[in-house]
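Residue numbers (this note's numbering): -8 to 697.
This is how it looks when you write it as structure tokens:
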């Protein structure tokens, strides 16, 4: 074989040499040409090899770059998708958080802190998003899991704890995938959390009160305070003195007529550190008078009851009678009986010339000095009026003061009872007890004059000071809550049976240091010191949105002219004052807190559901009302200031009022405050006054690539 190859090689060389000779080339030239060809071929082959290596390297580098770019693109697309999905999910959750009939809302509302972590359904999440139609997301898929974690209760004012109020986090776990089969498919897992809270839009504790006055005016025998209403014997106002109101402020503590379950009514708080002695307003006027407080409210009357007092003193005068002689000298023996009538305070009766509440002289002992209590009545009517009796629980050292006039009547056999002398209150001085009493020696009945025969004194009739004082005219001061016993009584007994506790009122005297509240959705009660409540207690952990001033408030929450739309939020305005324009209404529940004064120009109405509630809170400021006979449907709070009306029109507030100071001259026209049970934080009226607020930022954002 080797020989054959050698032969072939020699043959070729020989052939080439022959060709070269034939073509005129020498053998040497031919060899040089052959070597040059081999060199060129080698260079070409080397270049091609280098280019091949470079091409392979470039191709590999470009492939890696392409994969990197593709991965970054997929990652960015997934991140963008995650952002949109999270915004859609959390925004939809917040909408559900103010839709109180939504099943998801009810699930979160009903869960207790120990029920967490709480898994949430995801079937309501949309299947497509705004990015879904784009070709870049043609191979997109996702899985989502939602749950609530780390719940803790919202506490307010000590032990007040609504079990449905809670702070928690909402956790969104999303697994997103994107990519085609011929490329590497990318999957990323996202974990996002946002703070949320389930909140009652009824302020704790405070919104249980029709009227809450933290620091009321001192009102006593020596301080006029709230006893500044000038009225006639009928109860109707007289022309007001300068700087004093001309009508009372009347409280209706329930929207239900004649409500006697005191746990359902709006309460009243008038301080706790000083005595408040409120003079009952005289008269049976259906709007102004307060005689109705001595009747069964099921059958209120406009005239005070006349009582026959018993038992009478055990003396011969009451058992055997008293001798009188008429103008003809005929002797008569009369058996004395004593009758009394309750009354209020007034400055003018209907006589001519007019007198005041002491025109009979029976109460002169109480008004004999310049330091005596005024004869005007209370500007505050805590129990409604004759048209609408409205008992409640009055908290604080609050007394009601009223008059009790007594008179001796004389009866002989079957004859009509004859009028006798008024039994005057004993004078409060150092003189002798009996010597200070007026004892008329006769009386006129019809056209006849009857004279004592022989003369007899009160001392001989009554025998003892104690017996006389038990029958004499006097001013009565009692804890205001005893008025409930009179209103609810149908027996006619005097004093009436004590039933205040049986109807949920608790103790008659409650200073406010330890008030027991019964939450209807809890088996146990909670005890609160209402004297120490402040604005911070009310709004702590409740602010869900902050704006800088009125302009920003209007741009975000008054998008339609005249419609305040808080959408279940507690909105805090950093810089007051804020003015709510005339005719404003609200279309959803919420709480508006202003750091400064609030001016309400006209009325405030609820645009839609009557169940919606609006609470307006002034922090470190005052409330100013400038409307005229326009109703304000809201709960007004200014625990650092007061409420003031700039006109003499009667205010009409449907909700409640809580202030630090209540000054009569600031409400010159009086008016009405009607408690709205929708604000009652102790009542269980379902989910309609709760909202779930979710933060607009992510607390955590964790990503894991698979």
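Virtual Cβ for every residue (Gly too), placed ideally from N, Cα, C.
By the neighbour-count criterion, in which a residue is buried when 16 or more other Cβ atoms sit within 10 angstroms of its Cβ, residue 432 is exposed.
For the pair of segments examined, the stretch 384 to 397 was found to touch the stretch 269 to 286: the number of CB pairs separated by less than 8 Å reaches three. For residue 695, the beta-bridge partners assigned by DSSP are 180. Annotation: the stretch 286 to 337 contains the following complete segments of the beta strand (DSSP E) (minimum length 3 residues), in chain order: 297 to 299, 313 to 316, 322 to 334. Rounded to the nearest angstrom, the gap between the Cα atoms of residue 508 and residue 80 is 39 Å. Rounded to the nearest angstrom, the Cβ distance from residue 664 to residue 201 is 6 Å, consistent with a contact under 8 Å. The residue from 473, 131, 338, 280 with its alpha-carbon nearest to that of residue 371 is 280.
Distance between residue 62 and residue 109, taken at the CA atoms: about 35 Å. The C-alpha of residue 483 lies about 12 Å from the C-alpha of residue 288.
Contact annotation, residue 180 with residue 104: C-beta distance approximately 28 Å; criterion of less than 8 Å not satisfied.
Looking only at 365, 451, 341, 332, the smallest Cα-Cα distance to residue 413 is reached by 332.
Put simply, the backbone Cα of residue 548 is about 29 Å away from that of residue 154. Inter-residue distance for residue 382 and residue 258 is about 9 Å (C-alpha atoms, whole angstroms). Nearest to residue 243 by alpha-carbon distance, out of 185, 256, 237, 98, is 256. For residue 491, no pairing in a beta bridge is given by DSSP. Under the three-pair Cβ rule at 8 Å, the stretch 185 to 205 does not count as touching the stretch 106 to 126. Straight across, the Cα-Cα distance linking residue 603 with residue 580 is about 5 Å. Boundaries of the alpha helix (DSSP H) harbouring residue 479: 473 to 479, taken from the DSSP string.
By the C-beta density criterion, residue 284 is buried, having at least 16 other C-beta atoms within 10 angstroms.
Distance from the Cα of residue 235 is smallest, within the candidate group 691, 675, 666, 656, for 656. Cβ contact annotation for residue 434 (same chain, cutoff 7 Å, sequence separation greater than five): 410, 411, 412, 441, in chain order.
Between residue 349 and residue 439, the gap from beta carbon to beta carbon reaches 7 Å or more. Checking the DSSP bridge columns, you'll see residue 629 partnered with 650. Secondary-structure assignment with DSSP links residue 645 through a beta bridge to 624, 665.
For residue 489, the CB contacts under 6 Å within the same chain, skipping 5 residues up- and downstream, are 476 in chain order. Remark: C-beta atoms of residue 511 and residue 369 do not approach each other more closely than 7 Å. Residue 113 sits exposed, since fewer than 16 C-beta atoms from the chains shown fall within 10 Å of its C-beta.
The Cβ atoms of residue 467 and residue 395 lie closer than 7 Å to each other. Proximity to residue 320 across 444, 239, 303 peaks at 444, based on C-alpha coordinates. In the three-state reduction of the DSSP assignment, residue 73 falls in the helix class, which pools H, G and I. For residue 545, the enclosing alpha helix (DSSP H) covers residues 541 to 548.
By a beta-carbon distance limit of 8 Å, residue 585 contacts residue 564. Their separation comes to about 5 Å.
Between residue 248 and residue 494, the gap from beta carbon to beta carbon reaches 7 Å or more. For residue 551 and residue 575, the gap between their C-alpha atoms comes out near 10 Å.
At the C-beta level, residue 562 and residue 541 stay beyond 7 Å of one another. Taking a C-beta distance under 7 Å as the contact criterion, residue 135 and residue 107 do not qualify as a contact pair.
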